[in-house]
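Residue numbers for the sequence shown follow my numbering, so the first one is 1481 and each next one is one higher.
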Amino acid sequence: MWNIRAVPALRGLALLILSCLLTLPAHAQDQTLAATPPMGWNSWNHFACKVSDAVVRASADAIVSNGMKDAGYVYVNIDDCWQGQRDAKGMIHANSKFPDMKALADYVHSKGLKLGIYSSPGPKTCAGYAGSYKPEEQDATQYAAWDIDYLKYDWCSASRVYKPEEMTAVYKKMHDALAKTGRPIVYSLCQYGLRAVWRWGASVGGNLWRTTDDITDNYQSMYFNASSEDGIWKYAGPGHWNDPDMLEVGNGHMSHDEYVTHMSLWCILAAPLLAGNDLSKTSPDDLAILTNSEVIAVDQDSKGIQGHWVSREGPYEILAKPLSDGSTAVLLMNRGEDAQRMTLNLKDIGVFKPAGVRDLWAKTDLGKSTGTFSAEVPKHGAVLVKVH
Ligand code: GLA
């Protein structure tokens, strides 16, 4: 056995390693949190205030049994409406729909998944439940004691007690409280893009931040949220992501091609993928949209570059996302009311030689293209390819 006290060279090495560890920035641990856009499910879009322990358990069961876990979905996130009363010491407790939050976390963890929760920096959440205004540290302590892995922190009534310019400090306060617990908890900022949050979200410890108001299950809302990310791609990267809101796939009010566009856009924008439907009733078609491995690989690419618009010609839009293997994902999107043949100029994505093209939804190679690549894109539909 080596004795590092007795061997000066080893002692020097040990000291060097120790000093490197001590000089790492405080947020170094956060770098591995949300290294790729978080994937999971959130209760709000489908269940709103009807969320319960049973719904969360059933969602965790479904993620495991329907293939979503294998596709990368991990977080099972309770949104608003779980909160009950504070006790005499000010500790927050869940309401009667969640009889034992720690037991629920244990259950979700036993499935190899993680549990998320929701609060507000204001006195009340958006649905009128208890917020974290003032007992921020106590709430963070409670979440850690329950083994929570993710917090969505929603501005809501905070506008009643804080000035707009206090927003960054308010968000940092909860980050510091979470960090103090020592538990890695993904920190999701939700304040609808106010005050250009993408410019400061990472500096207050945010792993993701909403860039718009709430999505609804229709094509116009979905497209509006995605297009609001034009120009802000450079603020996203490993550990800190722009969030155009949760998915609506499977909630029933968009067509197949519109949901394909929704998923394609979220993936090319490196957006968090939080399914928002009733997972116990997902149709095979919606499940195929949520779990296509080659499409998800675009979202989860380790380089973490958010895609950006290459061209916009009326309703015909092209986006590109450089990937870690040197290839580029390209989305051809048709917002028009008729099918349209769309053409990508390969030079627009920096490709000047003949290049292979693969259709990611169909998982099919389309052969080599030189100069341009064209595809028929259905009305409100999208074609997602990889150019390599
Ligand atoms: C806000 C958020 C939504 C959801 C609700 C809950 O509207 O933007 O995502 O969390 O609050 O009340």
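All residues carry an ideal CB built from backbone N, CA and C; glycine is no exception.
Item: Distance, S1760 Cα to E1797 Cα; Value: 34 Å
Item: Range covered by the beta strand (DSSP E) that runs through A1862; Value: 1862-1867
Item: 7 Å Cβ shell around V1729 - same chain, five flanking residues per side excluded; Value: Y1739, H1742, M1743, A1755, N1757, D1766, I1769, L1770
Item: Reference Q1618; option with closest CA among D1567, E1646, A1607; Value: D1567
Item: 6 Å CB neighbourhood of P1834 in its chain, flanking five on each side removed; Value: K1848, T1850
Item: CB of N1522 within 7 Å of CB of M1726, strictly; Value: yes
Item: Residues that Q1820 bridges to, as DSSP identifies them; Value: V1857
Item: Burial state of F1832, where buried means 16 or more other Cβ atoms lie within 10 Å; Value: exposed
Item: Spatial distance of P1858 from S1735 (CA atoms); Value: 11 Å
Item: Where A1706 falls, given that 16 or more other Cβ within 10 Å makes a residue buried; Value: buried
Item: Candidates G1732, Y1609, G1673, N1814, of which the one nearest P1644 by Cα; Value: G1673
Item: Contacting residues, own chain, Cβ-Cβ under 7 Å from A1514 (five flanking each side not counted); Value: V1666, N1687, L1688, G1719, W1721
Item: The region 1693-1702 touching the region 1674-1683, judged by at least three CB pairs closer than 8 Å; Value: no
Item: Bounding residues of the alpha helix (DSSP H) (the contiguous stretch that carries N1757); Value: Run containing N1757: none; DSSP gives neither H nor E here.
Item: CB-CB length for K1866 against R1838, believed under 8 Å; Value: 5 Å
Item: P1505 in three-state terms, based on DSSP; Value: Since pLDDT at P1505 reaches only 40, below the 50 mark, its modelled position is unreliable, and the value read off the structure follows with that caveat. In the structure shown, P1505 sits in coil (DSSP, three-state: anything other than H, G, I, E or B).
Item: In chain order, each alpha helix (DSSP H) run of at least 4 residues that lies wholly inside the region 1639-1701; Value: 1647-1661
Item: Supposed close pair S1807, K1783 - CB separation, criterion 8 Å; Value: The Cβ separation is near 11 Å, so there is no contact.
Item: D1697 beta carbon near the ligand GLA (any heavy atom closer than 6 Å); Value: no
Item: Of the residues Q1780, N1731, E1774, the one placed nearest A1751, counting alpha carbons only; Value: Q1780
Item: Distance CB(T1605)-CB(D1560) smaller than 7 Å; Value: yes
Item: Option in I1829, N1772, K1594 with minimal Cα separation from G1787; Value: I1829
Item: Through-space distance from L1826 to H1868, alpha-carbon basis; Value: 11 Å
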